[in-house]
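Quick note, the sequences are listed as chains A and B, same order. 419 is the number that my numbering gives to position 419 of the first sequence; each next residue is one higher, with no gaps. 373 is the number that my numbering gives to position 373 of the second sequence; each next residue is one higher, with no gaps. Contents: one structure, followed by commentary.
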Amino acid sequence: MPNNFKDLKWYSQFFRKCSKCGTCKSAYSYGPPPTNATICPQGEYFKLDSYYGSRSKSFHGHAILENKVDLTDPAIQEDMQKVIFSCTVCGGCQSQCLLDYKPWICDYIEEMRHHLVNRGIGPTKAEKIYQEKVIKDHNPYGETHSSRFNWLKDVKDLKTDGNMVYFAGCTASYRRTEIAKSTASVLSKLGEDWGVMGENEYCCGSPLLRAGLREEPEKLAQHNVDYINDHGFKTVVTACAGCYKVLSKEYEKWWGLKLKAKVMHTSEYLEEKMKKGELKLNNVPATVTYHDPCHMGRHMNHYEVDMEGKKQWKGSFVQIDKPGLYETPRNVLKAIPGIQFKEMYRNRDNSFCCGAGGGIKSSFPDVALETAKTRVKEAEGVEGVQKIVTPCPFCVTNLGDGAKALGSKMEVVDLIQLVDQALKK
Amino acid sequence: MDKKERIYKTLSQIVGDEKWVSNSPVDCWAYSYDMTYKRPQMPNYVVLPKTPEEVQSILRLANAEKIPVVPFTAGTNIGGLCVPEQGGILMDLKRMDQILEINEEVRFAVIEPGVSQAQFAQELFKRGYRFGWPVGPPSASVLACAIHHGIGGMSGRYGLNSNHITGMEVVRPTGEILMCGSPAIRRDSWQSCMPLPRFDGLFTGTLGTTGVVTKLGLFIPPVPDYVHIGTFTADDLTDMEKFMRTFSKYEYSDDLTAISWWLSQVPIPYPYIEKPKGAPEWSGYTTLWAFTEKELENKIEVFNKVIKDLGKQGNTIKATDVPEESKKGRTQLPSQIVGSTKNYCKMGGGGIAWPGTFTPSNRWVGVYNLWKEIYTKKAKIALSPSTRVTMYRGCHYGMLRIMTPFPRDRPEEEANAAWCVREAAKVLIDAGGIPYKPPTDFAREINKRADPGWIDLICDIKDMLDPNGIMNPGKWGVR
Ligand SMILES: Cc1cc2nc3c(=O)[nH]c(=O)nc-3n(C[C@H](O)[C@H](O)[C@H](O)COP(=O)(O)OP(=O)(O)OC[C@H]3O[C@@H](n4cnc5c(N)ncnc54)[C@H](O)[C@@H]3O)c2cc1C
Ligand code: SF4
Ligand code: SF4
């Protein structure tokens, strides 16, 4: 099928505009008061400029395209793989950059991965293992496809039709089944006419896309889109930030695959209910903070780009004309009576990644864990906070691992679990 | 073990972990060029020390092996100053990132090289203090700026950022460590470099060629409670300079700056476009800070009076009213926006260079006219004469610089910009201006015109401090 992926040479028109100013190395804002914080998990771990922010990635783009380093040398291949594949593709750097390179940064990093994969310099060993699992069993966890919906055994009156389909995703299905169960419980409590795809739900493709694969995720996308379209669902909800990004944006962006159903993250669905006065919530006493998943927040920013040069000049970045989902989950969280909400220092566009994304959790577990620990420590620094709430099973997992490694009392919960707890029966 | 392997191993032992050393071309490439047109040159190793002791050991190793060492903090100097001319060890100091002390009683701070403008701004603001923030990137080093006579938002009131230096700890090229200024006598006294001989001068403005500064004491003035930003325009630089000279006599401005029409466009038009007829060629601003309302009123009164008096004499200077938002940008430093080079190279496309200079104000007009000729007439592709002038404390002199954006992906246009910048530097030096943080090509032009005795001294000092010529060789163009 034709696709809309562009090659590295195409992206070079943008990464060449990187001025090497280094603003992407940290998150700074004048305020007043001025605020400064680290933003790049990869750079913070490795410290070398070859790892820091989108600045480093533009250096590597030149190196690759212009043969500035000898990519036939196995040692150099290994080093190149490390600098390109140990980035969480969190987009923290993208949020800081103000040049025309900005809108393309995350896509470009993934294209670099694709470029290297095509030349046998990727994926990483760990990625290769999970990619094979996704291809075989439609999940990256090495579980059998048939066990995907084992969590459903406990769910009463389950259907595979209805107005709405709940796309659970791999992490909630296999590793964070409590999140899947809470989602099912919330949908039922709210009287939704909902169903699941059952055996027909395949991995959304995110773990493959993030690692620079193109054809394999397309097959998954085609399958999921066909099934959802064929079954006449009006809405797809997902409680996973990664699935949300892929279903709502990338199927169409990369392969022109249009879902007839409206894609909603559970937080959007809940906010809609709230606005209609259909969300009656009980008291849940807790002091909490919120962690923005990259895939739901800044990855969902929409960039206005003047490709033809009608407003500014060819290829110029004009503005972010639609921000990602920053307020929606916060609105839902704040609507729960008893919740005392406190913001972490780094939030929204300047949020610090949980450390799990971009294939890092399997390929560079130390980077993933250190990053999670940093984020948990940040939450610990907010007075009185007992829980980190986030609407993503993958963030819950990694932040939870970070809390455990620190021996922290900080609890990490999914937003949907709190809502489930708060919902009147 | 071959030499390369041996050096790598020793560096790893010095910094305690292989993680902080690399000799991989993949890593080294990311240190091989900057935003200017300087051709890429790779170091052979990158090392990230954490302590002055580690810096000492690295320098001793470099002397033993006779390999160059290039100090680096963020590489945003706009002069290719961290691009290794002869390879060697790139010493990235970003792990030395502690603000060691902020002493509010005596009003000084002691910082390490890796402390960024953003980090320092955050900590000083909490306590009501400030620094001469440059319009450079927030990630850039405060120390590297100060020891290289950086300019910031207080240069009208307090002078260059190097005037704020109260003491330093330096590792000499041969590995010995020393203190300069008051901490040389008592380690915790960081009040002033004087009255001792100003040996800090041996390590100031020297582009990393005479040692590695590992601690720096800086005077930190308070943030006054009141501020007014006066804005003004003039039809030409003759009138603008007359106003700036007249008003600066009162020493009321923290910052007194004017910019040509092309620089006031955000971003700078690339390539050159004509200024619309009737638009004043120069606009400017001054930041007037005060501790009381009365003090501020007085400053504003004098500002208005100077404009009025000059107006009566036929000067085209006029006070203007600009939106609050654009005024804010004058005090909101360091700024993500200007630091990101958005204003400077967005339209040009990634590359930026300039001759930034200290020039007597009575030569500004002559040089600016020559620059316009070079940029708009002589250049193959006409470029915007996007020029800035800023009056410093002291004599009537200050910054005269012409920001020159260019597209990184079009070699011919890059060469055109490089030609303009070099020609601009030549006419400027001929006129008595001196480029700051000079790239090698400017340094050569400076040295051609320099007093031979001065060149001899610089060579002697370099030989004395750095007998093996390991420190950032090639910069300053003397050795
Ligand atoms: C858009 C833009 C605007 C700018 N505006 C200004 C401005 O208004 N005013 C201003 O002053 N600057 C300005 N700059 C220049 C620059 O950002 C600052 O001077 C900055 O502070 C330099 O810090 P750095 O960390 O990038 O230094 P680097 O580029 O890493 O180093 C600069 C020099 O210092 C040497 N060096 C670094 N650390 C040490 C050390 N510890 N000991 C000895 N030598 C050392 C290096 O070898 C090099 O020669 C601007 C830059 C940009 C990109
Ligand atoms: S990516 Fe953007 S912010 Fe980072 S160095 Fe390049 S231009 Fe500057
Ligand atoms: S995407 Fe995230 S991890 Fe990768 S370079 Fe940017 S800030 Fe760093």
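From the three backbone atoms N, C-alpha and C, an ideal C-beta is built for every residue, glycine too. Computed from a predicted model, the values in this text were never measured in an experiment.
*Roughly how many whole angstroms lie between the Cα atoms of Tyr255/B and Leu160/B?*
Reading off the sequence, residue 255/B comes out as Asp, not Tyr. Cα-Cα distance, rounded: 11 Å.
*Measure the alpha-carbon distance for Val106/B versus Asp188/B and round it to whole angstroms.*
11 Å
*If you measure from the beta carbon of Pro103/A to each beta carbon in chain B, is any gap under 8 Å?*
no
*How big is the Cα-Cα spacing for Thr320/B and Val305/A?*
34 Å
*Taking just the CA atoms, how far does Asp49/A sit from Tyr202/A?*
39 Å
*asked:* Using the three-state DSSP reduction, which class does Arg522/B fall into: helix, strand or coil?
replied: With chain B covering only 1 through 479, there is no way to say anything about residue 522/B.
*Which term fits Glu199/A, buried or exposed, when burial requires 16 or more other beta carbons within 10 angstroms of its beta carbon?*
exposed
*asked:* Taking CB distances under 8 Å as the criterion, tell me whether Asp157/A reaches chain B.
replied: In terms of beta-carbon proximity, Asp157/A stays away from the interface with chain B, with every pair separated by 8 Å or more.
_Residues near Val382/A in its chain [Cβ-Cβ closer than 7 Å; skip 5 each side]_ = Thr289, Lys342, Met344
*Where Val110/B and Pro323/B are concerned, what is the direct C-alpha to C-alpha distance, given to the nearest angstrom?*
Just so you know, the alpha carbons of Val110/B and Pro323/B end up roughly 38 Å apart.
*Flag Thr73/B as yes when its Cβ comes closer than 7 Å to any non-hydrogen atom of ligand 2, and as no otherwise.*
no
*Whole angstroms is fine: what's the gap from Pro40/B's alpha carbon to Ala75/A's?*
22 Å
_Pro76/A: contacting residues in chain B (beta-carbon distance under 9 Å)_ = Residue identity check: residue 76/A is Ile in the sequence provided, not Pro. Going along chain B in sequence order, the residues near Ile76/A (Cβ under 9 Å) are Ser24, Pro25, Val26.
*asked:* Check for me: the beta strand (DSSP E) holding Asn36/A runs from which residue to which?
replied: 35 to 38
*Report, in whole angstroms, the separation of the C-beta atoms of Asp7/A and Val186/A, which I expect to be a contact under 8 Å.*
Taking a contact as a CB-CB distance under 8 Å, the pair Asp7/A and Val186/A does not count as one, their CB atoms being some 43 Å apart.
*Whose Cβ in chain B lies nearer than 8 Å to the Cβ of Gly22/A?*
Ala74, Gly75, Thr76, Pro137, Ser139, Ala140
*asked:* Tell me which residues share the same chain as Lys361/A and place their Cβ nearer than 7 Å to its Cβ, disregarding the 5 neighbours each side in the sequence.
replied: Ala368, Asn398
*So Ile105/A packs on Ala239/A, CB below 8 Å; how close in whole Å?*
In fact, because the Cβ distance is near 27 Å, the residues do not count as touching under 8 Å.
*Tell me, please, whether the segment 247 to 254 of chain B touches the segment 400 to 418 of chain B by the rule of three or more beta-carbon pairs shorter than 8 Å.*
Short answer: they don't touch.
*Determine, using beta carbons only, whether Ala241/A and Cys90/A come nearer to each other than 8 Å.*
no
*Which full runs of the alpha helix (DSSP H) of 4+ residues lie inside the segment 211 to 288 of chain B, going along the chain?*
237 to 248, 261 to 264
*Does DSSP classify Asn283/A as helix, strand or coil?*
Reduced to three states, the DSSP call for Asn283/A is coil.
*asked:* Is Val427/B near ligand 3 - that is, is its Cβ less than 7 Å away from at least one heavy atom of it?
replied: no
*Would you call the segment 290 to 302 of chain A and the segment 316 to 326 of chain A touching, i.e. three or more CB-CB distances under 8 Å?*
Proximity of the segment 290 to 302 of chain A to the segment 316 to 326 of chain A meets the contact definition, three or more beta-carbon pairs being nearer than 8 Å.
_Closest by C-alpha distance to Lys245/A, when choosing among Ala221/A, Ser363/A, Ser182/A, Glu215/A_ = Ala221/A
*Cutoff 7 Å; reference Leu133/B; Cβ partners in own chain excluding five residues on either side*: First, the residue type needs correcting, since residue 133/B is Trp and not Leu in the sequence shown. Contacts found: Gln117, Ala121, Gly152, Gly153, Leu333, Pro334.
*Any heavy atom of ligand 3 closer than 7 Å to the Cβ of Gly53/A?*
yes
*If you check the beta carbons only, do Ile320/A and Glu216/A fall under 8 Å apart?*
no
*Show which residues of chain B have a CB atom less than 9 Å away from the CB atom of Cys204/A.*
The contacting residues do not exist; Cys204/A stays about 32 Å from chain B at best.
_Helix, strand or coil at Glu413/B according to DSSP, with G and I counted as helix_ = Helix.
*Helix, strand or coil: which one does DSSP assign to Ser267/A?*
Assignment of Ser267/A by DSSP, reduced to helix, strand and coil, places it in the helix class.
*When you compare only the Cα positions, how much space is there between Phe358/B and Pro438/B?*
11 Å
_Taking 7 Å as the cut-off, is the C-beta of Ser19/A nearer than that to any heavy atom in ligand 2?_
yes
*Note down, in chain order, every chain A residue with its Cβ under 7 Å from the Cβ of Asp34/B.*
Lys20
*Nearest to Glu271/A by alpha carbon, out of Tyr303/A, Val196/A, Leu190/A, Lys310/A?*
Leu190/A
_On the criterion of 16 or more Cβ atoms from any shown chain inside 10 Å, does Val157/A qualify as buried, or is it exposed?_
Looking at the sequence itself, residue 157/A is Asp, so the reference to Val does not match. The residue in question, Asp157/A, is exposed, as its Cβ has fewer than 16 Cβ neighbours within 10 Å.
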